[in-house]
Structures are given as structure tokens and as C-alpha cells.
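**Student:** Residues in the sequence shown are numbered consecutively from 1, following UniProt numbering. Quick reminder that beta carbons are idealized off the backbone N, C-alpha and C, glycines included. Can you read through this structure? Questions will come right after.
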Amino acid sequence: MQQSGTLYIVATPIGNLDDASPRLKTVLSRVDAIACEDTRHSGRFLQHLGIQKPLLSLHEHNEDQRLPALLGRLQGGESLALISDAGTPLLSDPGYPLVRAAVAAGIPLSPIPGPNAAIAALSVSGLPPEPFRFLGFPPRQGGARRKWFQTLAKVPDTLLFYESIHRLGATLADLAEAMGGERPAMVGRELTKRHEQLRHGSLDSLAEWAATASEAKKGEAVIVVGGWSGAPSEEASLDVDALLKALDAELPPRKVATVAAQVTGLNKNALYQRLMERRQD
């Protein structure tokens with residue numbers, strides 16, 4: 001019986017290419033092919049490293065269709081690497097369906113750790129490093145975003161979000177409204193890059209800065225928000241049904257389940273079923 005190849009989950013630099021580790025270079029030079037979000041972007045990265053390997057496009061729009069072929073190659077003895085455009089795969093990036101399928105198929109996996117924008121931002125935020133919740137990207141629509149933040153307002157954990165620079169000001173304003181303008185926070189912009197900027201302050205002050213400062217309109221951003229510091233109460237525990245109800249008013253069912261899974265850590269399919277049952281009651 002032929003032995004399966006290994007699927008390597010490889011973290012790549014989030015900006016500064018000098019963060020590419022020697023182990024990353026060794027693994028990428030030895031695998032048979034590399035699955036990546038954008039073949040053009042990853043091609044330039046590999047060219048910088050002096051590595052030539054076949055690139056396989058794998059992104060949120062084709063993951064399901066590509067799974068059988070990728071699993072077939074792994075089961076046939078090939079070793080593959082999974083990378084994202086920047087940082088650690090799966091964290092607000094494609095790859096989870098592939099990793100889940102590889103685990104189910106008994107295919108060996110190996111993480112090649114490295115940069116991650118959320119952890120990098122947390123380390124310089126000056127906010128409690130544990131416990132924390134990484135929540136990915138907030139909903140794009142303003143109404144859903146505000147309701148989502150309201151469900152998180154009394155969570156005691158430090159909260160981490162990614163956000164498009166084009167929505168940064170609106171998101172910070174919504175955070176201030178939902179959690180209180182004096183809540184301590186930090187915005188990390190262009191982390192590890194030439195124009196890296198760390199902006200510490202209250203949510204109110206950060207929202208004002210994002211609305212007026214020219215540099216706040218460029219680059220990529222991570223938002224770190226201090227957790228609720230009030231007295232513990234029943235409100236501090238997340239009401240899953242209230243979250244589903246709030247999101248259901250603004251988003252389609254599948255998106256409701258996806259966002260709720262990010263917040264709660266619960267299974268997305270189970271949350272979808274729970275939402276459907278709520279609608280029938």
C-alpha cells in the first residue's frame with residue numbers, strides 16, 4: 001500500500017520578506033506542489049526565495065471543487081504545501097476544508113509556524129494577552145456589524161479583528177458605540193512593513209484618528225480591543241440565540257452561521273441547523 005504524502009501548513013511573511021524562515025524555504029523547495037490563494041502573488045514570493053514549484057490555485061471560491069484532486073495527489077504519495085497570501089493559513093484565509101478532509105483521510109500534516117498578524121498585534125497592544133478571542137473580519141454591512149459588536153460588548157476577553165482599511169473608520173466608530181468610547185484599544189497598520197504604525201488609545205480617539213488621518217486610509221489593519229472589565233454577570237456569557245437573531249435580521253442564513261461560528265467557536269453546520277429551527281418556532 002502506497003504511503004500518503006504530507007500536507008504542510010506553511011506560514012508566510014505578513015509584510016517583511018526577511019521573516020521567511022530557513023525551514024519555510026527548505027519545505028517549499030522540497031514539496032511537489034504548493035496550493036495558494038493567488039498564484040501571481042505567491043509566484044513573486046517564490047521568485048524572491050529562488051524557488052520554482054508548480055502552483056495550485058486554492059481560494060474560497062474553488063476550495064470544494066479542488067479538494068478531490070488535492071487529496072488524490074496526497075494519497076498518491078505527493079507532498080503538498082498550503083500557503084496563503086500572507087501569514088498563517090486558515091486564519092481568515094482559505095484552507096480549512098482541505099485540512100479537515102486531510103485529517104479525515106488520515107493524511108499526515110505538519111505545521112511550519114511563522115508570522116501571524118493577529119498574534120503580532122496582540123504582542124504589542126499593551127492589552128491582556130490571555131484570554132483572547134480572534135474573530136476574523138466583522139460583517140461588512142453596518143447594521144449586522146453593530147449588532148455583532150453589541151453581542152461582544154461584555155465579553156471579558158481581549159478581542160482581535162481584521163478589517164479592510166476602507167472600513168476601518170466605520171468599524172472603530174461602531175465598536176465605540178457598542179462597547180463604550182473609553183474602551184482601550186490598538187490599531188496595528190502595515191505590520192512588519194516599512195510604514196508600520198501602532199496606534200494605541202481609546203476607541204473614541206482611534207475612531208476620530210481613522211476618520212481624519214491620511215495614513216489611516218492606506219495599508220492593512222488589525223484591531224485589538226480590551227475586554228469588558230465590569231463586574232461578572234450573566235450578561236458576560238454569550239447568548240447564542242440572541243446572536244443568531246441579531247445576525248438573521250441582516251444576513252443570509254449561511255453567512256449568519258459562518259459569523260456566529262467565528263464568535264462562539266461552535267460548529268458552523270450546527271449553528272445553521274439551530275437557526276433553521278429558530279425560524280420554524
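1) Determine the direct distance from the alpha carbon of Q141 to that of V155, and round the result to whole angstroms.
2) Straight-line CA distance for D239 to T151?
3) Provide the residue span of the beta strand (DSSP E) that contains I34, from first to last.
4) Do you know offhand how far P115's Cα is from L191's?
5) Within 10 angstroms of the Cβ of G50, are there 16 or more other Cβ atoms? Answer buried if so, exposed if not.
6) Let me know the secondary structure DSSP gives V225 once reduced to three states.
7) Cβ of V259 within 7 Å of Cβ of P139?
8) May I ask you to report which of helix, strand or coil DSSP gives S233?
9) Excluding the 5 residues flanking L28 on each side, which residues of the same chain have their C-beta closer than 6 Å to its C-beta?
10) For Y162, count the other beta carbons within 10 Å of its own beta carbon; 16 or more makes it buried, fewer makes it exposed. Which is it?
11) Could you tell me whether the stretch 37-47 touches the stretch 73-87, using the rule of 3 or more Cβ pairs below 8 Å?
12) Cβ of A185 within 7 Å of Cβ of L168?
13) May I ask you to report which of helix, strand or coil DSSP gives L244?
14) Along the chain, where does the alpha helix (DSSP H) that runs through I119 open and close?
15) Over what stretch of residues does the beta strand (DSSP E) that includes R189 continue unbroken?
16) I'd like the list of long-range same chain contacts for S92, defined as Cβ closer than 8 Å, with 5 residues on each side in sequence excluded.
17) For R145, tell me which candidate among L244, K268 and Y272 has the shortest Cα-Cα distance.
18) Helix, strand or coil for P94? Go by DSSP, reduced to three states.
19) Out of T171, G5, V225 and E220, which one is the CA nearest neighbour of E208?
20) Which partner residues of Q197 appear in the DSSP bridge assignment?
21) What does the alpha-carbon distance come out to for the pair G226 and G126?
22) Who are the near neighbours of P89 in its chain, counting only those whose CB is closer than 6 Å to its CB and skipping five residues on each side?
23) Rounded to the nearest angstrom, how far is the Cβ of K193 from that of N16, given a contact under 8 Å?
24) Distance check for I119 and residue 285, CA to CA, integer angstroms please.
**Tutor:** Working from what's here:
1) Counting from 1 along the sequence shown, the entry for residue 155 is found at position 155. Counting from 1 along the sequence shown, the entry for residue 141 is found at position 141. Looking at the backbone, the Cα of V155 and that of Q141 are separated by about 22 Å.
2) As a working mapping, residue 239 is identified with position 239 in the sequence shown. As a working mapping, residue 151 is identified with position 151 in the sequence shown. Straight-line Cα distance between these residues: approximately 8 Å.
3) Residue numbering aside, residue 34 sits at position 34 when the sequence shown is read from its first letter. A33 to C36 is the span of the beta strand (DSSP E), which, as asked, contains I34.
4) Indexing the sequence shown from 1 puts residue 115 at position 115. Indexing the sequence shown from 1 puts residue 191 at position 191. Cα to Cα, P115 sits roughly 10 Å from L191.
5) One-based indexing of the sequence shown puts residue 50 at position 50. G50 counts as exposed, since fewer than 16 other C-beta atoms from the protein chains shown sit within 10 angstroms of its C-beta.
6) The count along the sequence shown starts at 1 and reaches residue 225 at position 225. When DSSP states are grouped into helix, strand and coil, V225 belongs to the strand group.
7) Taking the first residue of the sequence shown as position 1, residue 259 is located at position 259. Taking the first residue of the sequence shown as position 1, residue 139 is located at position 139. Yes, the pair counts as a contact, with Cβ atoms nearer than the cut-off.
8) Within the sequence shown, the letter at position 233 stands for residue 233. With a pLDDT of 44 at S233, under the threshold of 50, the modelled position of this residue cannot be trusted; read the value that follows with caution. Of the three classes helix, strand and coil, the one that applies to S233 here is coil, per DSSP.
9) As a position in the sequence shown, residue 28 is number 28, starting the count at 1. Counting only Cβ-Cβ distances below 6 Å, and skipping sequence neighbours, we find I51 and A81.
10) By one-based count along the sequence shown, residue 162 stands at place 162. By the neighbour-count criterion, in which 16 or more other beta carbons inside 10 Å mark a residue as buried, Y162 falls on the buried side.
11) Contact holds between the stretch 37-47 and the stretch 73-87, because three or more Cβ pairs, one in each stretch, are under 8 Å apart.
12) The residue you call residue 185 lines up with position 185 of the sequence shown. The residue you call residue 168 lines up with position 168 of the sequence shown. No, the pair does not count as a contact, with Cβ atoms beyond the cut-off.
13) Residue mapping note: residue 244 aligns to position 244 of the sequence shown, counting from 1. Of the three classes helix, strand and coil, the one that applies to L244 here is helix, per DSSP.
14) Indexing the sequence shown from 1 puts residue 119 at position 119. The continuous alpha helix (DSSP H) containing I119 extends over residues A117 to S123.
15) Taking the first residue of the sequence shown as position 1, residue 189 is located at position 189. That run of the beta strand (DSSP E) goes P184 to R189.
16) Taking the first residue of the sequence shown as position 1, residue 92 is located at position 92. Cβ within range, chain order: G136, F137 and Y162.
17) Translated into positions along the sequence shown, residue 145 becomes position 145. Residue nearest to R145 within the set L244, K268 and Y272 is L244 (criterion: CA-CA distance).
18) Sequence index remark: in the sequence shown, residue 94 carries index 94 (1-based). Assignment of P94 by DSSP, reduced to helix, strand and coil, places it in the coil class.
19) As a working mapping, residue 208 is identified with position 208 in the sequence shown. Of the candidates T171, G5, V225 and E220, T171 places its Cα closest to the Cα of E208.
20) Locating residue 197 in the sequence shown gives position 197, where the first residue counts as 1. Note: Q197 sits in a beta bridge opposite R189.
21) Indexing the sequence shown from 1 puts residue 226 at position 226. Indexing the sequence shown from 1 puts residue 126 at position 126. Each residue's alpha carbon lies about 9 Å from the other.
22) By 1-based counting over the sequence shown, the position of residue 89 is 89. Exclusion of the five residues before and after P89 leaves I9, L82 and G95 as the residues of its chain whose Cβ lies within less than 6 Å of its Cβ.
23) As a position in the sequence shown, residue 193 is number 193, starting the count at 1. As a position in the sequence shown, residue 16 is number 16, starting the count at 1. The distance from the Cβ of K193 to that of N16 is about 6 Å, consistent with a contact at the 8 Å cut-off.
24) The structure shown has nothing for residue 285, since the chain only spans 1 to 281.
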